[in-house]
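Before any comments, here is the structure.
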């Protein structure tokens with residue numbers, strides 16, 4: 005019995021030594037919901053009614069963009085959860101929680117928040133990203149996808165992706181394609197110009213897909229069925245990496261050659277080669293459930309969680 009205990013202690017120590025620690029960190033105002041990296045800045049959407057903007061090199065907070073708190077069903081004033089953030093030129097898109105269970109959308113420009121719509125529009129939007137300076141793509145809880153004209157305040161087109169509950173979407177680099185993930189496990193690739201279905205990817209994830217990423221023609225999923233599925237739609241290929249725990253978050257490097265995913269109940273991240281499926285490394289230091297994995301380049305990546313801390317890691 006004593007030999008077994010010593011062996012277990014040795015294996016635990018060996019495993020922990022192979023874990024890589026964060027090289028640096030950013031401290032947000034609240035739990036991190038979404039992360040965007042652009043032009044040497046890190047944008048952190050939080051559950052504390054704000055978006056924090058950090059300088060990537062110094063890790064210092066440059067600016068804090070606040071949205072109004074909301075009134076909940078009990079009549080109490082509470083923080084608004086910022087669901088997603090995006091940046092194009094000098095415009096920042098901020099999607100946040102509004103009252104009565106609906107969403108609101110602001111564009112921050114010239115140090116001012118311009119309200120695009122609020123709860124009165126009756127939209128339960130969970131994700132919003134720029135298609136161009138005047139067009140936004142909205143993903144609704146009902147799994148509707150809407151192309152929204154900012155100037156006209158109207159829809160260019162709207163489609164019902166499926167009857168399953170919406171989870172996430174990811175745009176390709178040119179923003180002419182979007183891949184949508186939902187609780188069915190199937191992925192749908194749509195044209196963002198008219199909303200038409202391009203391709204259905206099915207038969208791999210058999211349950212809810214929490215997150216999806218799309219880089220350099222490669223798609224990666226974070227599945228409730230404990231699978232990271234790697235698709236290469238251009239070649240009609242798919243394979244998966246199996247985990248021992250629910251995979252809440254996933255992120256691809258810009259080349260699509262490596263993928264990071266939440267790999268266990270201790271909120272560690274595994275980084276894997278998307279072609280060979282060989283594990284490159286494991287990364288620890290996250291105290292709560294992961295919410296976002298963003299690769300800055302082929303070597304550096306950021307991890308956000310239900311904690312205030314965004315950890316930065318180096319693959320090599």
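Numbering (the numbering used here), first residue to last: 5 to 320.
Beta carbons: idealized from backbone N, C-alpha and C, even for Gly.
Residue burial classification, residue i (beta-carbon count within 10 angstroms, cutoff 16)
i, result
"residue 77", "exposed"
"residue 190", "buried"
"residue 44", "exposed"
"residue 131", "buried"
"residue 208", "buried"
"residue 262", "buried"
"residue 198", "exposed"
"residue 225", "buried"
"residue 104", "exposed"
"residue 61", "exposed"
"residue 75", "exposed"
"residue 320", "exposed"
"residue 133", "buried"
"residue 66", "exposed"
"residue 272", "buried"
"residue 115", "exposed"
"residue 127", "buried"
Start and end residues, beta strand (DSSP E) containing residue i
i, result
"residue 172", "170 to 175"
"residue 131", "129 to 136"
"residue 214", "213 to 219"
"residue 108", "107 to 113"
"residue 286", "283 to 287"
"residue 358", "For residue 358 there is no data in the structure shown, the boundaries of the chain being 5 and 320."
"residue 302", "Taken as a continuous stretch (DSSP letters only), residue 302 belongs to no beta strand (DSSP E), as it is neither H nor E."
"residue 72", "Per DSSP, residue 72 belongs to no beta strand (DSSP E) and is neither H nor E."
"residue 265", "262 to 266"
"residue 199", "Looking at the DSSP string, residue 199 is not in any beta strand (DSSP E), and its letter there is neither H nor E."
"residue 255", "254 to 256"
Chain-order list of residues whose beta-carbon lies under 6 Å from that of residue i (same chain, five-residue window excluded)
i, result
"residue 154", "138"
"residue 308", "36, 39, 295, 296 and 314"
"residue 183", "174, 191, 193, 216, 218 and 223"
"residue 150", "142, 159 and 162"
"residue 227", "209, 213 and 251"
"residue 324", "Shown here, the chain extends from 5 to 320; a query on residue 324 therefore has no answer."
"residue 235", "205, 223 and 242"
Sequence-distant residues of its chain with Cβ nearer than 7 Å to residue i (five each side left out)
i, result
"residue 204", "190 and 192"
"residue 28", "63 and 316"
"residue 82", "73, 74 and 76"
"residue 256", "217, 219, 222, 224, 263 and 299"
Simplified DSSP assignment, three categories, for residue i
i, result
"residue 228", "coil"
"residue 278", "coil"
"residue 60", "coil"
"residue 246", "strand"
"residue 121", "strand"
"residue 239", "helix"
"residue 116", "strand"
"residue 85", "coil"
"residue 103", "helix"
"residue 272", "coil"
"residue 315", "strand"
"residue 310", "coil"
"residue 19", "Caution is warranted here: a pLDDT of 46 is assigned to residue 19, below 50, making its placement in the model unreliable, and the coordinate value is therefore given only provisionally. Three-state DSSP puts residue 19 in a helix."
"residue 295", "strand"
"residue 320", "coil"
"residue 1", "An answer regarding residue 1 cannot be provided, because it is not within the stretch 5 to 320 covered by the chain."
Same chain only: Cβ atoms within 8 Å of residue i, ignoring 5 sequence neighbours per side
i, result
"residue 279", "261"
"residue 111", "95, 96, 97, 98, 117, 118, 120 and 154"
"residue 230", "246, 247, 248, 249, 250 and 251"
"residue 102", "74, 84, 108, 122 and 123"
"residue 311", "35, 36, 290, 291 and 292"
* Asked: Of all the alpha helix (DSSP H) runs that stay within the bounds of the region 25 to 58, which reach a length of 4 or more residues?
  -> none
* Would you list, in sequence order, the uninterrupted beta strand (DSSP E) runs of no fewer than 3 residues that lie entirely inside the region 143 to 196? => 148 to 153, 158 to 164, 170 to 175, 181 to 186 and 191 to 195
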